[in-house]
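Undergrad:
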Amino acid sequence: MSKELKYVGQTLPIHDAPQKVRGELVYLSDMRLPKMLYAKLLLSPIAHGQIIKLDTSSAEALPGVIRVFTYLNTPNKTYSRYRIIPDQESCIEDERLFTDKARFIGDRIAAVVATSLETATEAISLIRVDYEALPVLGSPEEALQDDHTRIHPEGNLIHQFDVELGEQDSLPNDCLLVETATRTQKVHHAAIETHACLADFNSSGKLTIWAACQGVFGLRTVVADLLELNYNNVRVVKMPLGGSFGGKQEAIIEPITAFLAKEVRRPVKLILNRRESIIATTTRPATNTTIRTNVTIDGMLKDCLVDTVFDAGAYATSSVDNAHAMSKKISRLYRIPYYKHQGRIVYTNTPVAGGARGWGAPEILTAMEIHIDAVAKRLGMDLVEFRLKNLVHPYDKDKATLLSLGNARVIECLEKGAAAFGWRERYNKDSDMGRYRRGVGLACAAHKNGMYGGFPEHSTMTLKMNEDGSFIMNTGLHDLGCGTITSIKQIVAEVLDVNLSYITVLEADTECGPYDFGSYGSRVTYICGACAYEVAGRIKEKLLECASHILRKPKQYLEVENGGVWIIGKEQQKISYREIATMAKIKDNTDIVITHTYHGTSNPGAYAVHFAEVEVDTKLGTVRITDYLAVHDIGKAINPGMVEGQIQGAVQMGIGYALCEELKIGSEGSILNSSFKDYHVINAPDMPRVKTILIEQGGDEGPYGAKSVGEIAFVPVAGAVINAVNNALGTVLSDMPLTPEKIIASL
Amino acid sequence: MQIEFNVNDQEYKMEIYPTMRLVDLLREELGLTGTKEGCGEGECGSCTVIMSGKAVNSCLVLAPQIRGQKIITIEGLEKNGQMDRLQESFINNSAIQCGYCTPGMLMSAKALLMANSNPSEAEIRIAIAGNLCRCTGYNKIVNAIKEAGEGI
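In order, the protein sequence lines correspond to chains A and B. Quick note on the working numbering: the first sequence kicks off at 4 and runs consecutively. Quick note on the working numbering: the second sequence kicks off at 213 and runs consecutively.
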């Protein structure tokens with residue numbers, strides 16, 4: 004970079020922080036429209052059963068109830084909540100607005116629309132449903148074994164695949180075969196704002212959905228096709244999100260809210276309470292993974308054979324794609340000549356799996372990092388040294404996509420991190436044998452930057468210059484609370500050398516804004532940021548052209564600086580953006596506006612290595628994290644403070660994943676912890692200080708070299724913590740989460 | 213029933229249902245939607261307000277309990293157009309992400325600083341133990357509260 008960066012690289016608060024600290028920002032739950040009605044859902048209390056009788060008459064008779072809906076008076080059409088674009092592959096249409104057969108505790112049986120939430124809630128309790136109970140398949144193993152009980156007519160095995168990468172070579176005689184098995188659990192995303200939606204259908208035939216979501220265009224696809232409306236008549240407006248983490252990626256409550264609004268012809272608001280959000284939205288998928296590797300005695304991985312059974316829960320949603328994504332992670336992290344991954348995706352009578360931060364990478368790479376420790380220990384090698392021999396190098400080719408991994412600096416992350424953490428001294432310290440035992444652990448992780456190589460990947464933005472020289476950029480962005488809008492403004496500000504206060508960035512709206520796939524797939528900074536960079540560059544060219552007319556100088560003699568254009572070498576001859584904008588309009592009859600579509604053409608790896616120190620209380624089985632270091636290959640941090648915030652937040656979530664968070668399924672598919680009273684997330688006293696080291700070497704196509712962070716930051720956490728516990732205790736625990744009971748039982 | 217109470221230095225005399233929760237009174241009746249609800253059972257802390265100097269979960273307080281009490285909500289933190297130091301330090305420390313826990317977090321922090329103007333890190337962490345945040349990992353929130361405390 005020839006010029007020193009002024010805006011990119013600065014730590015700035017999230018764009019709406021001033022509203023958030025005053026309680027001013029209007030979230031969906033705060034919205035109220037004239038004549039608005041409230042909806043409440045009746046969720047199935049049993050995990051598997053056919054409805055044989057439904058009586059809604061008492062509910063309908065309750066004063067204040069507008070209408071009651073069940074499968075008996077609604078369309079029988081199936082849809083996939085996961086669909087983003089029409090005709091998208093692997094979108095299994097197995098879900099209806101209301102079901103005639105309960106497939107898990109939480110399945111949608113009925114909805115009441117009433118004048119108040121209290122009335123709707125009371126009416127729900129008056130609905131009588133008789134079920135003919137069916138055998139409950141609470142786990143993939145049961146679902147695969149039971150040929151007679153089918154959760155869906157097509158059978159319980161949704162899909163299976165065999166992915167083979169590279170060529171199997173003959174193995175040297177002195178190879179060692181190591182096998183490990185890891186179980187990962189269902190987890191609640193636990194966004195502090197529960198799921199909420201508001202919809203209205205007016206007399207002109209226009210449906211408006213106010214959605215706290217990660218992708219308005221995907222929602223439009225699902226809802227418009229389900230309700231048979233033209234896309235131009237469905238407006239989805241992205242609202243502020245009180246957290247999402249993948250849990251608001253799919254069309255979960257929007258189709259039903261939209262349907263209800265369309266039927267009653269009044270605005271309808273649906274807000275789930277915490278229990279409903281926990282059981283009836285989506286969870287992180289549970290997986291059982293076996294990994295077998297052959298490794299030479301000098302520590303080179305020769306092959307890797309993986310088998311994953313993926314618990315999709317009661318509906319398929321994104322599970323097929325999610326499981327396939329898992330099969331593409333290990334080869335982005337380690338150089339392995341031959342890789343084979345067998346996957347089976349299975350229905351169970353349990354809450355529905357869906358997108359979750361990291362999209363398959365945390366599940367599979369936690370299993371892999373537990374495995375890697377086991378291999379290194381069998382070889383008697385240091386855990387860092389063994390990894391260094393096998394990790395990918397910059398510009399290696401991704402075996403799965405045949406694309407370059409870009410400037411993949413995981414080795415640098417590991418070396419710098421090990422030195423800063425004092426790995427060798429701490430790992431080789433004599434182990435304590437008292438009640439409290441300390442240990443250190445580490446895990447490496449790989450993730451991606453967008454969807455290029457497996458899915459369409461583009462983003463469109465319109466940047467216009469106002470008459471006073473300020474800018475408004477219309478986008479399909481969704482700030483999930485991560486600081487997207489601020490970082491995009493920083494990129495535009497840098498290109499145009501203008502203060503951020505002169506830039507407004509609009510978020511997604513299917514009616515008023517350009518197309519974007521949404522905020523997932525670690526694509527926002529890398530793809531949308533690159534779009535912002537390019538559209539700003541084009542606006543800069545255009546305003547230089549206008550300035551060139553005004554100053555009567557060819558463009559190449561002009562430069563932008565501090566919200567103006569000056570003639571290089573003659574700093575006094577400067578005209579402001581305001582003058583350019585106004586004069587372009589009056590004198591040149593020109594509007595300074597650019598619409599640009601950026602197409603992704605690469606998908607480098609994002610990398611991280613995390614180090615944890617734990618103290619295990621061998622009497623109580625509890626684990627305390629006493630030190631934590633996260634090292635990230637981020638390319639370039641656009642907003643370092645927010646990058647650190649992403650990492651620290653991911654560590655909070657990952658410690659819970661490793662140690663305590665699990666949506667527990669009991670007998671008959673019962674859900675044992677459907678509130679924050681018994682579903683524990685890490686709170687402030689249990690959260691360690693998280694130190695971060697950012698490796699900023701650029702080298703890829705993201706704006707100013709930036710790569711993703713939000714998802715990758717979660718990927719290595721559980722591995723690092725679990726490995727630390729195993730190192731402290733000399734155990735090989737891999738049944739997540741490592742609860743006190745499991746720790747005590749292992750001693 | 214009729215009760216009198218004070219919210220953000222304003223006196224109210226209102227007819228209420230005795231079973232109404234404070235969070236609903238604030239949000240639905242007074243339009244103070246800055247107070248958020250995240251779980252409805254006192255576990256997440258998003259609905260925290262200050263009641264006569266103490267941080268409480270407004271989802272667990274029934275409206276009759278506020279008779280004669282002084283309530284401070286997030287909307288009452290700013291005084292005379294001047295942000296509270298905590299609000300400033302939350303912004304300056306990048307302690308805000310999605311913002312849904314922020315009002316409750318700020319009110320717990322405010323109650324702490326009202327009682328203890330220069331708390332230790334451990335005291336800060338205990339004061340916000342009942343406020344769940346899923347975005348930040350608490351590190352920057354603790355920093356922000358610490359900084360606001362030191363400045364008082």
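C-beta atoms are modelled at their ideal positions from N, C-alpha and C, and glycine is treated no differently. Remember, it's a predicted structure, so these values are computed and weren't measured experimentally.
1) Which bits of chain A does Q294 (chain B) rub up against, with CB to CB less than 9 Å?
2) Have a look at Y234 (chain A) and A227 (chain A) and give me their C-alpha separation to the nearest angstrom.
3) Please list, in chain order, all residues of the same chain as I255 (chain A) whose beta carbon is under 7 Å from its beta carbon, the five residues on each side excluded.
4) Tell me whether the stretch 471-489 of chain A and the stretch 12-29 of chain A touch, counting them as touching only if at least three CB pairs, one residue from each stretch, are closer than 8 Å.
5) According to a CB-to-CB cut-off of less than 8 Å, which residues of the stretch 335-351 of chain B neighbour chain A?
6) DSSP three-state call for H18 (chain A): helix, strand or coil?
7) Note down, in chain order, each residue of its chain lying with its Cβ closer than 8 Å to the Cβ of L394 (chain A), except the 5 sequence neighbours on either side.
8) When burial is assigned at 16 or more other CB atoms within 10 Å of the CB, is M4 (chain A) buried or exposed?
9) With DSSP as the reference, label Q188 (chain A) as helix, strand or coil.
10) In chain B, which residues lie less than 8 Å from P16 (chain A) when you measure between Cβ atoms?
11) What does V693 (chain A) touch in chain B if you count any residue whose Cβ is under 9 Å from its own?
12) Between the C-alpha atoms of G218 (chain A) and I130 (chain A), what's the straight-line distance to the nearest angstrom?
13) Can you find a C-beta in chain B that's less than 8 Å from the C-beta of P21 (chain A)?
14) Out of A:P156, A:V237, A:E562 and A:L120, state which residue places its alpha-carbon closest to the alpha-carbon of A319 (chain A).
15) Find the residues of chain A that neighbour P315 (chain B), judging by a C-beta separation of less than 7 Å, and give them in chain order.
16) Rounded to whole angstroms, what is the Cα-Cα separation between R186 (chain A) and Q171 (chain A)?
17) Where does A709 (chain A) fall in DSSP's three states?
18) So if DSSP puts M464 (chain A) in a beta bridge, which residue, or which two residues, is it bridged to?
19) Nearest chain B C-beta to F522 (chain A) closer than 8 Å, yes or no?
20) State the beta-bridge partners of G316 (chain A) as determined by DSSP.
21) Does the structure place the stretch 646-659 of chain A close enough to the stretch 227-237 of chain B that three or more beta carbon pairs sit under 8 Å?
22) For V349 (chain A), which residues of its own chain have a beta-carbon under 8 Å away from its beta-carbon, when the five flanking residues on both sides are left out?
23) For the stretch 471-521 of chain A, list the beta strand (DSSP E) runs that are entirely contained and at least 3 residues long, ordered along the chain.
24) Measure the C-alpha to C-alpha separation of M371 (chain A) and L229 (chain A) and round it to an integer number of angstroms.
25) Residues in the same chain with beta-carbon distance under 6 Å from G12 (chain A), minus the five sequence neighbours each way, listed in chain order, please.
26) Return the CA-CA distance between A359 (chain A) and T629 (chain A), expressed in angstroms with no decimal places.
27) Given a limit of 8 Å on CB to CB distance, which residues of the stretch 239-260 of chain B reach chain A?
28) With distances taken Cα to Cα, identify the nearest neighbour of L405 (chain A) among A:C216, A:N606 and A:W213.
29) Please list, in chain order, the residues of the stretch 631-655 of chain A that have any C-beta partner in chain B closer than 7 Å.
30) When the Cα atoms are used, what is the spatial distance from G669 (chain A) to R70 (chain A)?
31) Please specify which runs of the alpha helix (DSSP H), each continuous and at least 4 residues long, are wholly inside the stretch 218-295 of chain A, giving them in chain order.
32) Let me check one thing: in DSSP terms, what residues is W569 (chain A) bridge-paired to?
33) Using the Cα positions of I373 (chain A) and I685 (chain A), report the straight-line distance between them to the nearest angstrom.
34) Which partner residues of N269 (chain B) appear in the DSSP bridge assignment?
35) Straight-line CA distance for R223 (chain A) to A360 (chain B)?
36) Following the continuous beta strand (DSSP E) through L1 (chain A), name the residue where it begins and the one where it ends.
TA: This is what the structure holds:
1) What you label residue 294 (chain B) is simply residue 82 of the second sequence in a count that begins at 1. Those within 9 Å of Q294 (chain B) in chain A number zero; the least Cβ separation is about 12 Å.
2) Locating residue 234 (chain A) in the first sequence gives position 231, where the first residue counts as 1. Locating residue 227 (chain A) in the first sequence gives position 224, where the first residue counts as 1. Straight-line Cα distance between these residues: approximately 6 Å.
3) Here residue 255 (chain A) corresponds to residue number 252 of the first sequence, with the count starting at 1. Taken in chain order, the residues that qualify are R84, H198, T284 and T285.
4) Yes: at least three Cβ pairs fall under 8 Å.
5) Cβ contacts with chain A: I336, R337, I338, I340, A341, G342, N343, L344, C345, R346, C347, T348, G349, Y350 and N351.
6) Residue 18 (chain A) sits at position 15 when you count from the first residue of the first sequence. Looking at H18 (chain A) - three-state DSSP - the assignment turns out to be coil, as it is neither helix nor strand.
7) Along the first sequence, one-based indexing puts residue 394 (chain A) at 391. Cβ contact annotation for L394 (chain A) (same chain, cutoff 8 Å, sequence separation greater than five): L336, Y337, R338, V413, I414, L417 and C447, in chain order.
8) In the first sequence, the residue the question calls residue 4 (chain A) occupies position 1. Note on M4 (chain A): pLDDT 43, under 50, position unreliable in the model; the coordinate value appears next. Per the 10 Å Cβ criterion, exposed.
9) Locating residue 188 (chain A) in the first sequence gives position 185, where the first residue counts as 1. Note: Q188 (chain A) maps to coil in three-state DSSP.
10) In the first sequence, counting from the first residue as 1, residue 16 (chain A) sits at position 13. In chain order: I303, N304, S306 and I308.
11) Taking the first sequence and counting its residues from 1, one reaches residue 693 (chain A) at position 690. Simply G349 and N351.
12) Position 215 of the first sequence holds residue 218 (chain A). Position 127 of the first sequence holds residue 130 (chain A). Distance between the alpha carbons of G218 (chain A) and I130 (chain A): 34 Å.
13) Residue numbering aside, residue 21 (chain A) sits at position 18 when the first sequence is read from its first letter. With its beta carbon less than 8 Å from one in chain B, P21 (chain A) belongs to the interface.
14) Here residue 319 (chain A) refers to the residue found at position 316 of the first sequence. Residue A:P156 is the option with its Cα nearest to A319 (chain A).
15) Here residue 315 (chain B) refers to the residue found at position 103 when the second sequence is read from its first residue. Simply G26.
16) Here residue 186 (chain A) is taken as the residue at index 183 of the first sequence, counted from 1. Here residue 171 (chain A) is taken as the residue at index 168 of the first sequence, counted from 1. Annotation: R186 (chain A) to Q171 (chain A) spans about 27 Å, alpha carbon to alpha carbon.
17) Counted from its first residue, the first sequence places residue 709 (chain A) at position 706. Correct three-state label for A709 (chain A): coil.
18) Here residue 464 (chain A) refers to the residue found at position 461 of the first sequence. A:H599.
19) The sequence position of residue 522 (chain A) within the first sequence is 519, counting from 1. First, the amino acid is wrong: residue 522 (chain A) is Ser here, not Phe. With 8 Å as the cut-off, S522 (chain A) does not count as an interface residue toward chain B.
20) Here residue 316 (chain A) is taken as the residue at index 313 of the first sequence, counted from 1. In DSSP, G316 (chain A) forms a bridge with A:Y350.
21) Because the criterion of three Cβ pairs below 8 Å is not met, the stretch 227-237 of chain B and the stretch 646-659 of chain A do not touch.
22) By one-based count along the first sequence, residue 349 (chain A) stands at place 346. Cβ neighbours of V349 (chain A) beyond the five flanking positions: P143, A146, L147, N159, L160, I161, V312, F313, D314 and A315.
23) With a minimum length of 3 residues, the continuous beta strand (DSSP E) runs that stay inside the stretch 471-521 of chain A are 474-480 and 506-510.
24) The residue given as residue 371 (chain A) occupies position 368 in the first sequence. The residue given as residue 229 (chain A) occupies position 226 in the first sequence. Answer to the nearest angstrom: the Cα atoms are 40 Å apart.
25) As a first step, residue 12 (chain A) is located in the first sequence; it is residue number 9 there, counting from the start. Contacts found: none.
26) Residue mapping note: residue 359 (chain A) aligns to position 356 of the first sequence, counting from 1. Residue mapping note: residue 629 (chain A) aligns to position 626 of the first sequence, counting from 1. C-alpha separation (whole angstroms): 27 Å.
27) Under the 8 Å Cβ criterion, the stretch 239-260 of chain B contributes R239, L244, T245, G246, T247, K248, E249, G250, C251, G252, E253, E255, C256 and S258.
28) What you label residue 405 (chain A) is simply residue 402 of the first sequence in a count that begins at 1. When the alpha-carbon of L405 (chain A) is set against those of A:C216, A:N606 and A:W213, the nearest one is in A:N606.
29) Closer than 7 Å at the C-beta level to chain B, one finds these residues of the stretch 631-655 of chain A: G644, M645, G648, Q651, G652, V654 and Q655.
30) As a working note, residue 669 (chain A) is residue 666 in the first sequence. As a working note, residue 70 (chain A) is residue 67 in the first sequence. Here the alpha carbon of G669 (chain A) sits roughly 35 Å from the alpha carbon of R70 (chain A).
31) Correct list: 219-230, 257-267 and 277-283.
32) Locating residue 569 (chain A) in the first sequence gives position 566, where the first residue counts as 1. W569 (chain A) pairs with A:E562 and A:K577.
33) In the first sequence, residue 373 (chain A) corresponds to position 370, counting from 1. In the first sequence, residue 685 (chain A) corresponds to position 682, counting from 1. Spanning the two alpha carbons is a distance of roughly 22 Å.
34) Position 57 of the second sequence, counted from the first residue, corresponds to residue 269 (chain B). Answer is B:T260, bridged to N269 (chain B).
35) Against the first sequence, residue 223 (chain A) aligns to sequence position 220. Against the second sequence, residue 360 (chain B) aligns to sequence position 148. C-alpha separation (whole angstroms): 44 Å.
36) Because residue 1 (chain A) is not part of the residues shown, which for chain A are 4 to 750, the question remains open.
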